[in-house]
Amino acid sequence: MAVLNNVQAVTNALDVAMEKWDEVVVFGEDVGQDGGVFRATMGLWAKYGENRCFSMPISEALFAGAGYGMAVAGMKPVVEFQFEGLGWASLQNILTQIAKVRNRSRGKYSAPMVIRMPMGGGIRALEHHSEAMEAIYAHCAGLKVVIPSTPYDTKGLLLAAIESPDPIIVFEPTKLYRAFKQEVPDGYYTVPIGEAYKIQEGNDLTVVTYGAQTVDCEKAIDMLLKERPNASIELIDLRTIQPWDRKMVFESVKKTGRLLVVHEAVKQFSVSSEIIASVNEECFEYLKAPLSRCTGYDISIPFDRGEGYHQVNPTKVLVKMKEVLDYQF
């Protein structure tokens, strides 16, 4: 069993998929000989040749459109965007063509393709390089949206996405690419899309998060337990944003009576908006405190000097957890 970080897990997953399926092709900006901006495709060009791993001109709209055509024709394209924020020009293809083809053709055609996007802040990059816009893609019917936080999940979810008969957006938190390592099984395995992972059990508060904020939340819980050793926090990593694991979240909130949703994306019209509205509809009579969230601010992502003020961190999560725990009607 190999010990890998998240970006190595991406490379390993692509390698396994290309070995398993001849129809898997990997492409994007600098993806071929250079191995991509984060080196996630390093070695694939040399191993599988330029017909299966290749670089494209600087045009995300072209990447998405070419992948769409290949997918409808029977290939399994895996398209890499250098950064999520550079993908806006591709939205025409993603939202109006790729996401819609199965419904538009009444099931005659599908687009079994994966679009990988490095996402989020924490690496002191410029605007358009640090955004977290997962809610926009999750909003569109026909797309599934995945955000792993560990090397095990990164490999398993990416392979599940490649195996899927429909298009899937895989966001990869740049902050976690090389943050830590974990044992990852060799060979092929998948992590089910749509199933959350309960990191720890608890009875006093449910914390729901995903991506880079799973690490922030774990640190915040450790900080809380130093102040309040008897606090019991349930921590859930969603892993999939669309469809999200409603059953696990509802059951947890019915047990704890309290909910805090944590993500780095802006608050308004966000993933937390959807989760809080749904929990309010399904669990209202179980609640012991107002549903709460800890998110980025409703602004454009600041330049690198300001991102520390904007981003969620363990201290901000800790403050919110205590606020929810201490609430009295």
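In case it helps, the numbering used here puts the sequence shown at residues 1 to 329.
Just so you know, even glycine gets a beta-carbon here, dropped at the ideal spot from N, CA and C.
If you're wondering where the values come from, they're calculated on a predicted model, not measured in any experiment.
Residues that DSSP places opposite residue i in a beta bridge
{"i": "Ser292", "result": "Leu260"}
{"i": "Tyr197", "result": "Asp237"}
{"i": "Ile115", "result": "Val79 and Ile169"}
{"i": "Val16", "result": "Answer is none; Val16 lacks a bridge partner."}
{"i": "Val145", "result": "Ile169 and Gln242"}
{"i": "Val266", "result": "Gly296"}
Residue i vs residue j beta-carbon contact at 7 Å
{"i": "Phe171", "j": "His129", "result": "no"}
{"i": "Gln182", "j": "Val262", "result": "no"}
{"i": "Ala289", "j": "Val249", "result": "no"}
{"i": "Leu238", "j": "Ala179", "result": "no"}
{"i": "Gly184", "j": "Leu44", "result": "Checking the sequence, you will find Val at residue 184 rather than Gly. In this structure, Leu44 does not lie closer than 7 Å to Val184 by Cβ."}
{"i": "Asn6", "j": "Thr209", "result": "no"}
{"i": "Ala89", "j": "Ala61", "result": "yes"}
{"i": "Ala220", "j": "Pro77", "result": "no"}
{"i": "Ala135", "j": "Ser270", "result": "yes"}
{"i": "Met119", "j": "Pro167", "result": "no"}
{"i": "Ile301", "j": "Glu127", "result": "yes"}
{"i": "Gly194", "j": "Ser149", "result": "no"}
{"i": "Leu260", "j": "Lys198", "result": "no"}
{"i": "Asp216", "j": "Val312", "result": "yes"}
{"i": "Asp304", "j": "Val266", "result": "no"}
{"i": "Glu264", "j": "Ala132", "result": "yes"}
{"i": "Leu318", "j": "Met223", "result": "yes"}
{"i": "Glu340", "j": "Gly107", "result": "Outside the shown range of the chain (1 to 329) lies residue 340, about which nothing can therefore be said."}
{"i": "Tyr330", "j": "Ile169", "result": "Residue 330 falls outside the range modelled here, since the chain spans only 1 to 329, and no answer is possible."}
Opening and closing residue of the alpha helix (DSSP H) in which residue i lies
{"i": "Ile169", "result": "Looking at the DSSP string, Ile169 is not in any alpha helix (DSSP H); the run it does join, the beta strand (DSSP E), is Ile168 to Pro173."}
{"i": "Leu205", "result": "Counting along the chain, Leu205 falls outside any alpha helix (DSSP H), though it belongs to the beta strand (DSSP E) covering Leu205 to Thr209."}
{"i": "Ala220", "result": "Gln213 to Glu227"}
{"i": "Val324", "result": "Pro314 to Leu325"}
{"i": "Gly122", "result": "Element bounds for Gly122: n/a, residue is neither H nor E."}
{"i": "Asn280", "result": "Val271 to Cys283"}
{"i": "His310", "result": "Glu307 to His310"}
{"i": "Ala135", "result": "Glu134 to Ala138"}
Per-residue DSSP class, three states only, for residue i
{"i": "Lys76", "result": "strand"}
{"i": "Cys53", "result": "strand"}
{"i": "Thr150", "result": "coil"}
{"i": "Gln395", "result": "With the chain represented from 1 up to 329, any question about residue 395 goes unanswered, as that position is not in the structure."}
{"i": "Gln182", "result": "strand"}
{"i": "Met108", "result": "At residue 108 the sequence reads Lys, which differs from the Met that was named. Coil, per DSSP."}
{"i": "Val31", "result": "coil"}
{"i": "Val191", "result": "coil"}
{"i": "Lys47", "result": "helix"}
{"i": "Val253", "result": "helix"}
{"i": "Gly64", "result": "With the sequence shown as reference, residue 64 is identified as Ala, and Gly is not the correct amino acid for it. Helix."}
{"i": "Val37", "result": "coil"}
{"i": "Gln8", "result": "helix"}
{"i": "Asn103", "result": "helix"}
{"i": "Asn93", "result": "helix"}
{"i": "Ala160", "result": "helix"}
{"i": "Gly87", "result": "coil"}
{"i": "Gly69", "result": "helix"}
{"i": "Met42", "result": "coil"}
{"i": "Tyr286", "result": "helix"}
{"i": "Ile58", "result": "coil"}
{"i": "Ile98", "result": "helix"}
Contact test: residue i Cβ vs the ligand FAD heavy atom, cutoff 6 Å
{"i": "Arg258", "result": "Here there are no bound small molecules, and the ligand FAD is not part of this structure."}
Boundaries (first-last residue) of the beta strand (DSSP E) holding residue i
{"i": "Ala2", "result": "Ala2 to Leu4"}
{"i": "Val24", "result": "Val24 to Gly28"}
TODO: Give a yes or no on contact between the segment 43-51 and the segment 79-95, applying the rule of three or more CB pairs nearer than 8 Å.
DONE: no
- [ ] Count the CB pairs spanning the segment 224-241 and the segment 278-293 that are closer than 8 Å, and state whether there are at least three.
- [x] no
TODO: Mind the definition here: the segment 24-42 touches the segment 203-215 only if three or more C-beta pairs lie below 8 Å; say whether that holds.
DONE: no
Open item on the list: Check whether the segment 238-256 and the segment 130-148 are in contact - that is, three or more C-beta pairs closer than 8 Å.
Closed with: yes
Task: Sufficient close CB pairs (3 or more, under 8 Å) joining the segment 293-305 to the segment 265-284 - done: yes
Open item on the list: Would you call the segment 113-124 in contact with the segment 57-72, where contact means no fewer than 3 C-beta pairs closer than 8 Å?
Closed with: yes
Open item on the list: Between the segment 154-168 and the segment 11-20, can you find at least three pairs of beta-carbon atoms closer than 8 Å?
Closed with: yes
TODO: Determine contact between the segment 29-42 and the segment 52-61, defined as no fewer than three beta-carbon pairs at a distance below 8 Å.
DONE: yes
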